[in-house]
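Residue numbers (our numbering), protein chains in the order written: chain A, 3 to 107; chain B, 3 to 107.
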């Protein structure tokens with residue numbers, strides 16, 4: 003997905019280690035992905051998780067769009083529960099995508 | 003990992019879908035990660051893969067370091083086998099990390 007986007011655009015790399023129990027995490031992750039995708043400036047999202055690590059990358063038109071999503075009321079509530087219940091640790095990196103190329107078999 | 007790095011630095015987001023069989027992929031991925039980590043300007047690497055998607059993000063001091071690693075002879079051989087045998091598709095995005103913050107429980 004997202005391979006037809008023309009740089010420059012922005013990416014938020016979210017790397018996380020989860021706590022042991024689900025405690026509503028799966029449902030909230032789904033809800034937040036759906037809500038993010040309706041925000042102005044949203045371009046796409048990709049996610050992978052294995053036993054060690056989860057990486058979610060969301061793509062945005064501008065830094066302003068990223069900032070608005072960060073401060074969205076429902077997202078703030080989710081972030082708070084994330085700190086309290088779902089994550090052992092996480093890193094958020096806000097990036098400008100400068101070049102992109104793809105391969106398709 | 004990598005949470006103490008001070009932006010700006012660079013990230014390469016590699017998103018891929020694999021073919022069905024291993025065919026030496028696991029061993030090569032390990033070898034490439036070890037080799038990347040000895041390159042000048044290498045800062046770190048994070049990887050997650052589930053049934054749908056793999057995401058690997060490597061971090062670098064400069065665009066020059068990324069370009070050199072892209073053109074490293076052993077890496078070019080691995081890239082070629084990747085196209086022939088291991089990947090259905092992939093996207094490479096070269097990014098400048100502008101801001102970063104982390105949470106630790």
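Note that beta-carbon positions come from the ideal geometry of N, C-alpha and C, so glycine has one too.
Original post:
Mind listing which residues of the segment 40-58 of chain A have their C-beta closer than 9 Å to chain B's C-betas, in chain order?
Top reply: Taking a C-beta cut-off of 9 Å against chain B, the contacting residues of the segment 40-58 of chain A are 48, 49, 50, 51, 52, 54, 55, 56, 57 and 58, listed in chain order.
Original post:
Do residue 53 of chain B and residue 51 of chain A have their C-beta atoms within less than 7 Å of each other?
Top reply: As a position in the second chain, residue 53 of chain B is number 51, starting the count at 1. As a position in the first chain, residue 51 of chain A is number 49, starting the count at 1. No, they are not a contact pair.
Original post:
Which whole-angstrom value describes the C-beta separation of residue 15 of chain A and residue 15 of chain B, a residue pair presumed to lie in contact below a C-beta threshold of 8 Å?
Top reply: In the first chain, counting from the first residue as 1, residue 15 of chain A sits at position 13. In the second chain, counting from the first residue as 1, residue 15 of chain B sits at position 13. About 7 Å separates the Cβ atoms of residue 15 of chain A and residue 15 of chain B, confirming a contact at the 8 Å cut-off.
Subject >> residue 55 of chain B vs residue 7 of chain B beta-carbon contact at 7 Å >> reply: What you label residue 55 of chain B is simply residue 53 of the second chain in a count that begins at 1. What you label residue 7 of chain B is simply residue 5 of the second chain in a count that begins at 1. No.
Original post:
DSSP state of residue 40 of chain B, grouped into three classes?
Top reply: Taking the second chain and counting its residues from 1, the one referred to as residue 40 of chain B is at position 38. Here residue 40 of chain B sits in coil by DSSP.
Original post:
How should residue 89 of chain B be labelled, buried or exposed, when 16 other C-beta atoms within 10 angstroms of its C-beta is the threshold for buried?
Top reply: For this step, residue 89 of chain B is matched to residue 87 along the second chain. So residue 89 of chain B ends up on the buried side.
**OP:** Identify the contact partners of residue 17 of chain A in chain B, using a Cβ-Cβ distance below 7 Å as the criterion.
**Re:** The residue given as residue 17 of chain A occupies position 15 in the first chain. By Cβ distance, chain B contributes 48.
**OP:** List the residues of chain A that residue 101 of chain B touches, going by C-beta distances under 7 Å, in chain order.
**Re:** For the purposes of this step, residue 101 of chain B is taken as the residue at position 99 of the second chain. Simply 96.
**OP:** Run the CB neighbour count on residue 103 of chain B, radius 10 Å, all protein chains shown included, and call it buried at 16 or more, exposed below.
**Re:** Counting from one through the second chain, the residue named residue 103 of chain B turns up at place 101. Residue burial annotation: residue 103 of chain B is exposed, with fewer than 16 other C-beta atoms found within 10 angstroms of its C-beta.
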